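S.K.: Under my numbering, residues 3 to 312 are what the sequence shown spells out, in order. For reference, the structure I am asking about is given below.
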Amino acid sequence: MTTYKPEGALLDTPENAYYLRDLSTLREAFSQGVILEARTVLCDHGHDLIVDLGCTQGIIPRTEGAEGIEEGTTRDIALISRVGKPVCFQITGFEPGPDGGVRPVLSRRAVQAQCRRDYLDHLRPGDIIDARVTHLENFGCFVDIGCGIPSLIPIDAISISRISHPRDRFFVGQEIHAVVRYTAPDGKITLSHKELLGTWEENASLFAPGETVAGVVRSVEHYGIFIELTPNLAGLAEPKEDVFPGQQASVFIKNILPEKMKVKLIIVDAFDAKYPCVPPRYFLPGSHMDSFLYSPACSDRVIRTDFAAP
């Protein structure tokens, strides 16, 4: 059974290297319909993609570069942006090359259609999948969910703790998990991420009153300062001058109150520092979740996601 992964997963595998060895193995891949990967080195004036196969160069005609290009539902930036990056493809034939040799003709669109038919169309809300971050916008994080097919994690679905921009959580190229939030009739899939980062109790159990721990200043209000302890847990510290959002902080934990879902803090120090994104700590229930209850059972406030809900 074919496993469909974000682009780049096949690039350095022994099987991929075997089929890119020479013209005879490329013909073998053609006859077997094998999915391969290689790096794009050029997008020409007609937006055909030229791909470095190692032993030769192949061409992905513009309309074969991505789903929706021929129909006009996908913009050509989806092709231009692949230069220098891996692309997946199947070999659909051979033609005379510009150097007088034989040039393989490739299709990325065919692989994407196969991925959608055999994998993505079978996903349902609550399924947990692998994804790779492709680019970050102020409204959310775009990811590759298989063979270059994009999906979006809206910014408010990235974590319980609020962030100013997805770059506060992710970096381009990062491999993450995500959970399917919604599948649209047109095939578009919307994802969420916060449900995989643990409940309030799971995160609070990592801390204890009396400890001094590291955090990030997320919001400064007149009544207090919100400090993120983990992506799914923030506490409220007493007001303090010269503290600003985005700063790092060392905080003393005064109390942890499950019934109120509160962590009371005192800021020991706040300072400017740029640290790299820490890989998420996941609390994965398996490959699927029907619902996610963030709130403790003893709390009157209920924060819940029902994936079966319309």
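All C-beta atoms, glycine included, are put in the ideal place defined by N, C-alpha and C. These numbers come from a predicted model, not from an experiment.
(1) Residue 2: buried (16+ other C-beta within 10 angstroms of its C-beta) or exposed?
(2) Look up residue 122 in the DSSP assignment and say whether it is helix, strand or coil.
(3) If distances are taken between C-alpha atoms only, which option among 241, 279, 121, 123 comes closest to residue 167?
(4) Name the DSSP bridge partner or partners of residue 45?
(5) In the DSSP assignment, find the alpha helix (DSSP H) that holds residue 64 and state where it starts and stops.
(6) Taking the alpha carbon of residue 271 as the point to measure from, which residue in 185, 244, 299 has its own alpha carbon closest?
(7) Within 10 angstroms of the Cβ of residue 6, are there 16 or more other Cβ atoms? Answer buried if so, exposed if not.
(8) What does DSSP give as the partner residue(s) for residue 185 in the beta ladder?
(9) On the CB-based measure, 16 or more other CB atoms within 10 Å of its CB, does residue 230 come out buried or exposed?
(10) For residue 96, report the span of its beta strand (DSSP E) as first-last.
(11) What are the residues that DSSP puts in a beta bridge with residue 250?
(12) Kindly indicate if chain B contains any beta-carbon less than 9 Å away from that of residue 220.
(13) Only counting the same chain, and skipping five residues up and downstream in sequence, which positions put a Cβ closer than 6 Å to that of residue 313?
(14) Check the DSSP bridge columns for residue 144 and list the partner residues they point to.
(15) According to DSSP, what are the bridge partners of residue 239?
(16) Does DSSP classify residue 9 as helix, strand or coil?
(17) Determine whether the beta carbon atoms of residue 154 and residue 193 lie at a separation below 9 Å.
(18) Please determine, among 308, 52, 236, 173, the residue with the shortest C-alpha to C-alpha distance to residue 85.
M.R.: According to the data block:
(1) With the chain running from 3 to 312 in the structure shown, residue 2 is simply not present.
(2) helix
(3) 279
(4) 51
(5) No alpha helix (DSSP H) holds residue 64; DSSP gives it neither H nor E.
(6) 244
(7) buried
(8) 191
(9) buried
(10) 88–98
(11) 218, 273
(12) Among the protein chains of the structure shown there is no chain B, as only one such chain exists.
(13) Any answer about residue 313 is impossible in this case: the structure gives the chain only from 3 up to 312.
(14) 137, 154
(15) 227, 267
(16) coil
(17) yes
(18) 52
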